[in-house]
Amino acid sequence: MTDPFATAGFLGLSGALLVIGLFGILTRRNFILLLISIEIAINAAVLNFVYFAAYAPSAPIALEGQSAAVVVIALAATEIAVGLAIVLALNRVRGSINVAESSELKL
Amino acid sequence: MSYTVVLEEFLPALLLLGGALLVFLADVVRVRRLEVFGGIAVAAIVGTLGSVLADLGTPYLEAFRTIPASVVDAPIAPGDLFAFTSLGLIFQGIFLLAALLVALASLSRPSHERGAAVFYGLLLLATLGMMFVAVAADLIFLLLALEITAISSYLLVGYTRRDPRPLEASMKFYIIGALSAALSFFGASLIYGAYGSTSLLVVGHTYPAGADGPLALAGFAFLLVGLGFEVTLVPFHMWAVDVYDGAPHDVSAFLAGGTKKAGLFAFFLVFLTPVVIGAGAQLSGSLELLLAILAVATMTVGNVAALMQDQMKRLLAYSSISQAGYMLLGVAIGTAPAIEGATFQIFAHVVLKAGAFLVVGAVAAMGVGPFVRDYRGLGHRRPVLSVAFALMLLGLAGIPLTIGFFSKFVLFSAAVEAGGLFVWLAVAGVLNSALSVFYYARILRVMYMEPAEGTDPATGTDGPLLPLGGLGYGRASAIALCAVVIVLFGIDPAPLLTAFQSGASHFLALGV
Amino acid sequence: MNLESGAFLVLAAAAVATALLALLVRELVHTILWIASFFIVLSGLYFLLQANFLGVLQLGVYAGAVTILLLFGVMTTRRRIFSREAATGIGPASIVLGAGIIAVFGILVAGLAGATTGSGPNSYPPALLSQAVFNVYGPWLLLVGFVMLAALGGAIYLVREGRE
């Protein structure tokens, strides 16, 4: 599809971003930081779509990837809004948004 | 493909959308009666179910067909984002049945309950998402449809909004769900990079000799983990127990009976379609082995953990995890009888497990506690309800004359028929079924053998227990519907088997 | 190493660094600043890949809307917005993770230094993309719309002040 070094570079970058996102989800206890970790992980997927689209062999294939990137961006923004709604509701009930202290349901 | 084409082909699904909008609208104009919202929801679900059954070619319903018979199971073009297959339509029916049970049972909740509108609206939207899952022929389409269901169910879990416990369950569900979505989309992006398309058909035609071997493999691995969270595959199952336990009872029934089944069908599509087209009727090599190991681990871990639970909802949640293991056996084997068996198992599990959660909800509404020991003497205090509950437990254990026996029978005989490694899968499945009989039997013993009178756990004093509250027409009808289905198809499963058989063989012949 | 791969390396290093800093700094407000820079750096990568429309979308949706949403979330859930209690700071796990990522990057740099210049990324006019999004992939957009409907219905209810 393209020269292997560029592929390695972009996949390395998106892989690193995914790992950072997973690391955040596993270790952070503040809900806002969890939301941010999830966003970083989803952005890794978007980056992949954009990269593969840019080097796609034909226009229809490229446009499929770019369209996928558009919908994933829209979806991720929606997900954040839902997450914040849950945080706010929980904050009102509990007065805290730290997963660890608020939860008998351990992650 | 224009919007009007999409809208025409999804006419039945749009009934659900219209119902949801109507419910939200009724809430805006300050209708404050649960029966109104519930009535709208039940009508929308029944109407959609009728049209799905008509599309499946059910006698007497031809007039309600919305998809021409020539479209169902027709070959599809590589660019198509969705396709109507008879297996997909069968699954739509299964999802609608789960939604119907929950919508009916919820009618028995207090008439002026806060959040009733949002409950029914989100229930309809979650069902809408599952309808789209069942027709997906494209990875992004599939994941987006799953996301409709997921977003609705996070909010459904927390819809009581004043209780901390459901909200915490909702938060946990949200984190796991968003993680699962991120991993799935990452997998989809890698598959797009490897094959130049997210269409399952295109992926199937180039599998396994993909443009980029390791890339495709990594993509499937990420999808396995992402979807594994959805279906509570074993290393990724821990969240399910807490979420099912923390969610309101009716929502737990919907999660176990409805949304998880959508994840399972997504598993069918992702791991059977490409492989079926690309490499004959069976999964190739390492993927097959991996799925088999995970399936056996899932049923074993779920069963062993269920043995040690003393809370009813947690016990049922673990049993639900173990049942997912049986259904994944069907994907691992990948032959037509195995898919037929897995479909039957999924159908049976909807009436058995959703029914059991509904009974737990009904019993809790009567004032009985959450522990298994709180159910002692229930057999004498509530004889009819207890018989229904006993039927569900026997069905989950796979006792003959219930629907659960035939579903496991078909699945395990498919495993034996496939031969080789799969015979051991059947052995593991039978051993696990035997193991599960212990905890189901324990509940039955508590219900029927232990006296109702004695120490009241709430007060710690001796004396008669408090009188139980009423069941309500909604819950009674939903539970009765479950019991009828369990017995009816437990005695004569032939009509279901015929439909599932043809659905499974068409699925394999078509590939999508 | 040509100009593009140089720009890529700089942006990639900035993306990883801002993402890590967002999760590791102690002040929540600083986290928001770092994540905003992360989003901007990513849009820079999209421009580098000739995906101009997506670059603009990334700036508008993420660097604009999502950042404000997150800031709003921090402000409504914390009395003192410069709160120290939230983040857990830099521990041994973070150092190991950072070292691992830096090692991977070293390998990448070594690889890129010897890379031959292939053909650059292809550019497509936004008109073609909009045709694809609204026609061929219209169903995707429809489904995203349903996701948003569910989110809207549920989220408004969840945060609305009820009349008890």
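Residue numbers (this note's numbering), protein chains in the order written: chain F, 1 to 107; chain S, 1001 to 1512; chain P, 2001 to 2164. All residues carry an ideal CB built from backbone N, CA and C; glycine is no exception.
key: Nearest-angstrom Cβ-Cβ length linking residue 1298 (chain S) and residue 1328 (chain S), presumed shorter than 8 Å   = Here residue 1298 (chain S) refers to the residue found at position 298 of the second sequence. Here residue 1328 (chain S) refers to the residue found at position 328 of the second sequence. Their Cβ separation, rounded to whole angstroms, is 6 Å, which keeps residue 1298 (chain S) and residue 1328 (chain S) in contact under 8 Å.
ask   = Short check: CB of residue 1415 (chain S) to CB of residue 1324 (chain S), under 9 Å?
value = Here the question's residue 1415 (chain S) lines up with position 415 in the second sequence. Here the question's residue 1324 (chain S) lines up with position 324 in the second sequence. Taking 9 Å as the cut-off, the Cβ atoms of residue 1415 (chain S) and residue 1324 (chain S) do not count as close.
ask   = Could you check where the alpha helix (DSSP H) with residue 1442 (chain S) kicks off and where it finishes?
value = Here residue 1442 (chain S) refers to the residue found at position 442 of the second sequence. Note, residue 1442 (chain S): alpha helix (DSSP H), 1421-1449.
request  = Measure how close the beta-carbons of residue 1475 (chain S) and residue 1111 (chain S) come, nearest whole angstrom, since I'm counting them as under 8 Å.
outcome  = Here residue 1475 (chain S) refers to the residue found at position 475 of the second sequence. Here residue 1111 (chain S) refers to the residue found at position 111 of the second sequence. 14 Å between Cβ atoms; not a contact.
query = Which residues in the same chain as residue 1229 (chain S) place their Cβ atom closer than 8 Å to its Cβ, once the five residues preceding and following it in sequence are excluded?
reply = On the second sequence, residue 1229 (chain S) is found 229 positions in, with the first residue counted as 1. Taken in chain order, the residues that qualify are 1176, 1177, 1179, 1180, 1183, 1236 and 1239.
task = Could I get the ranges of all uninterrupted alpha helix (DSSP H) runs contained in the region 1109-1193 of chain S, with 4 residues as the minimum, in chain order?
result = Taking only runs of at least 4 residues, the alpha helix (DSSP H) segments lying wholly in the region 1109-1193 of chain S are 1116-1135 and 1139-1157.
Beta-carbon proximity list for residue 2126 (chain P), same chain, < 6 Å, skipping 5 on both sides = As a first step, residue 2126 (chain P) is located in the third sequence; it is residue number 126 there, counting from the start. Hits under 6 Å: 2053.
inquiry  = To the nearest angstrom, how far is the alpha carbon of residue 1401 (chain S) from that of residue 1252 (chain S)?
reply    = For the purposes of this step, residue 1401 (chain S) is taken as residue 401 along the second sequence, with counting starting at 1. For the purposes of this step, residue 1252 (chain S) is taken as residue 252 along the second sequence, with counting starting at 1. Taking the straight line from one Cα to the other gives about 27 Å.
request  = Evaluate residue 2034 (chain P) with the Cβ neighbour count: other Cβ atoms within 10 Å of its Cβ, from every protein chain shown; 16 or more gives buried, anything less gives exposed.
outcome  = Within the third sequence, the letter at position 34 stands for residue 2034 (chain P). The residue is buried, with at least 16 neighbouring Cβ atoms inside 10 Å.
task = Go through its chain and collect everything with a Cβ distance to residue 1083 (chain S)'s Cβ below 7 Å, but skip five positions before and after it.
result = As a working mapping, residue 1083 (chain S) is identified with position 83 in the second sequence. Residues 1076, 1135, 1137 and 1512 of the same chain have their beta carbon placed closer than 7 Å to that of residue 1083 (chain S), with the five preceding and five following residues left out of the count.
request  = Identify the contact partners of residue 2073 (chain P) in chain F, using a Cβ-Cβ distance below 7 Å as the criterion.
outcome  = Residue mapping note: residue 2073 (chain P) aligns to position 73 of the third sequence, counting from 1. Neighbours of residue 2073 (chain P) on chain F, chain order: 32, 84 and 87.
query = If you count every other CB in all the chains shown that lies within 10 Å of the CB of residue 1035 (chain S), and 16 or more means buried, which is it?
reply = Position 35 of the second sequence, counted from the first residue, corresponds to residue 1035 (chain S). Residue 1035 (chain S) is exposed by the Cβ-count criterion.
message = Against chain P, does residue 45 (chain F) count as a neighbour if the rule is that its beta carbon must be under 9 Å from one of theirs?
response = Start at 1 with the first residue of the first sequence, and residue 45 (chain F) comes out as number 45. At a cut-off of 9 Å, the C-beta of residue 45 (chain F) has no neighbouring C-beta in chain P.
task = Please classify residue 1038 (chain S): is it buried, with 16 or more other beta-carbons within 10 angstroms of its beta-carbon, or exposed?
result = Your numbering for residue 1038 (chain S) matches position 38 in the second sequence. The residue in question, residue 1038 (chain S), is buried, as its Cβ has 16 or more Cβ neighbours within 10 Å.
Bounding residues of the alpha helix (DSSP H) (the contiguous stretch that carries residue 2157 (chain P)) = The residue given as residue 2157 (chain P) occupies position 157 in the third sequence. Residues 2138-2159.
query = Is DSSP giving residue 1092 (chain S) helix, strand or coil here?
reply = Along the second sequence, one-based indexing puts residue 1092 (chain S) at 92. Residue 1092 (chain S) sits in a helix when the DSSP states are folded into three classes.
inquiry  = Is there a Cβ of chain F sitting closer than 9 Å to that of residue 2010 (chain P), yes or no?
reply    = Along the third sequence, one-based indexing puts residue 2010 (chain P) at 10. By this cut-off, residue 2010 (chain P) is not an interface position.
ask   = Using a beta-carbon distance cut-off of less than 8 Å, what residues from the region 2122-2151 of chain P approach chain S?
value = For the region 2122-2151 of chain P, the set of positions with a beta-carbon nearer than 8 Å to some beta-carbon of chain S reads 2135, 2136, 2137, 2138, 2139, 2140, 2142, 2143, 2144, 2146, 2147, 2149, 2150 and 2151 in chain order.
ask   = What three-state label does DSSP hand residue 973 (chain S) in the structure shown?
value = Residue 973 (chain S) is absent from the structure shown; chain S starts at 1001 and stops at 1512.
task = Report the neighbours of residue 1203 (chain S) on chain P: residues whose CB is nearer than 9 Å to its CB, in chain order.
result = Locating residue 1203 (chain S) in the second sequence gives position 203, where the first residue counts as 1. None at all; the shortest Cβ gap to chain P is about 17 Å.
ask   = Is residue 1354 (chain S) near residue 1268 (chain S), with beta carbons less than 9 Å apart?
value = Reading the second sequence from its first residue, position 354 is the one you call residue 1354 (chain S). Reading the second sequence from its first residue, position 268 is the one you call residue 1268 (chain S). Taking the C-beta atoms as reference points, residue 1268 (chain S) is found no nearer than 9 Å to residue 1354 (chain S).
query = What is the rounded straight-line gap between the Cα of residue 1161 (chain S) and the Cα of residue 89 (chain F)?
reply = Residue mapping note: residue 1161 (chain S) aligns to position 161 of the second sequence, counting from 1. Residue mapping note: residue 89 (chain F) aligns to position 89 of the first sequence, counting from 1. Cα to Cα, the separation comes out at about 7 Å.
message = By the three-class DSSP mapping on this structure, what secondary structure does residue 2135 (chain P) have?
response = Position 135 of the third sequence, counted from the first residue, corresponds to residue 2135 (chain P). Residue 2135 (chain P): helix per DSSP, three-state reduction.
ask   = In this structure, does DSSP put residue 2122 (chain P) in helix, strand or coil?
value = Here residue 2122 (chain P) corresponds to residue number 122 of the third sequence, with the count starting at 1. Residue state for residue 2122 (chain P) is assigned as coil, using DSSP reduced to three classes.
Chain F residues whose Cβ lies nearer than 7 Å to that of residue 1182 (chain S) = The residue you call residue 1182 (chain S) lines up with position 182 of the second sequence. Those within 7 Å of residue 1182 (chain S) in chain F are 21, 38, 41, 42 and 45.
message = Using 9 Å as the threshold, is the C-beta distance between residue 2055 (chain P) and residue 2043 (chain P) below it?
response = Here residue 2055 (chain P) is taken as the residue at index 55 of the third sequence, counted from 1. Here residue 2043 (chain P) is taken as the residue at index 43 of the third sequence, counted from 1. A contact, by the Cβ cut-off of 9 Å.
ask   = For residue 57 (chain F) versus residue 2136 (chain P), is the C-beta distance shorter than 9 Å?
value = Taking the first residue of the first sequence as position 1, residue 57 (chain F) is located at position 57. Taking the first residue of the third sequence as position 1, residue 2136 (chain P) is located at position 136. No, the Cβ-Cβ distance between residue 57 (chain F) and residue 2136 (chain P) is not below 9 Å.
task = Using a threshold of 9 Å, state whether the C-beta atoms of residue 38 (chain F) and residue 21 (chain F) are closer than that.
result = Position 38 of the first sequence, counting from 1, holds the residue named residue 38 (chain F). Position 21 of the first sequence, counting from 1, holds the residue named residue 21 (chain F). Yes, the pair counts as a contact, with Cβ atoms nearer than the cut-off.
task = Below 8 Å on the Cβ atoms is my guess for residue 2158 (chain P) versus residue 85 (chain F); work out the distance and round it to an integer in Å.
result = The sequence position of residue 2158 (chain P) within the third sequence is 158, counting from 1. The sequence position of residue 85 (chain F) within the first sequence is 85, counting from 1. Taking the Cβ atoms as the reference, residue 2158 (chain P) lies roughly 5 Å from residue 85 (chain F), within the contact range of under 8 Å.
inquiry  = On the criterion of 16 or more Cβ atoms from any shown chain inside 10 Å, does residue 1191 (chain S) qualify as buried, or is it exposed?
reply    = One-based indexing of the second sequence puts residue 1191 (chain S) at position 191. Residue 1191 (chain S) sits buried, since 16 or more C-beta atoms from the chains shown fall within 10 Å of its C-beta.
ask   = With distances taken between CB atoms, is the gap from residue 2063 (chain P) to residue 2039 (chain P) smaller than 9 Å?
value = On the third sequence, position 63 is the one that residue 2063 (chain P) refers to. On the third sequence, position 39 is the one that residue 2039 (chain P) refers to. For residue 2063 (chain P) and residue 2039 (chain P), yes; Cβs fall inside 9 Å.
ask   = If you draw a straight line from the C-alpha of residue 1057 (chain S) to the C-alpha of residue 2150 (chain P), how long is it?
value = Numbered from its first residue, the second sequence carries residue 1057 (chain S) at position 57. Numbered from its first residue, the third sequence carries residue 2150 (chain P) at position 150. Between residue 1057 (chain S) and residue 2150 (chain P), the C-alpha separation is close to 32 Å.
message = Tell me the DSSP secondary structure of residue 1477 (chain S) in three-state form.
response = For the purposes of this step, residue 1477 (chain S) is taken as the residue at position 477 of the second sequence. Of the three classes helix, strand and coil, the one that applies to residue 1477 (chain S) here is helix, per DSSP.
ask   = For residue 1082 (chain S), which residues does DSSP report across the bridge?
value = By 1-based counting over the second sequence, the position of residue 1082 (chain S) is 82. Per DSSP, S:1136.
ask   = Under 9 Å between C-beta atoms, does residue 1191 (chain S) make it to chain P?
value = Position 191 of the second sequence, counted from the first residue, corresponds to residue 1191 (chain S). At least 9 Å separates the CB of residue 1191 (chain S) from every CB of chain P.
key: Buried or exposed by the 16-neighbour rule on C-beta atoms within 10 Å, applied to residue 2100 (chain P)   = For the purposes of this step, residue 2100 (chain P) is identified with residue 100 of the third sequence, where counting begins at 1. Counting the other Cβ atoms within 10 Å of the Cβ of residue 2100 (chain P) gives fewer than 16, which makes it exposed.
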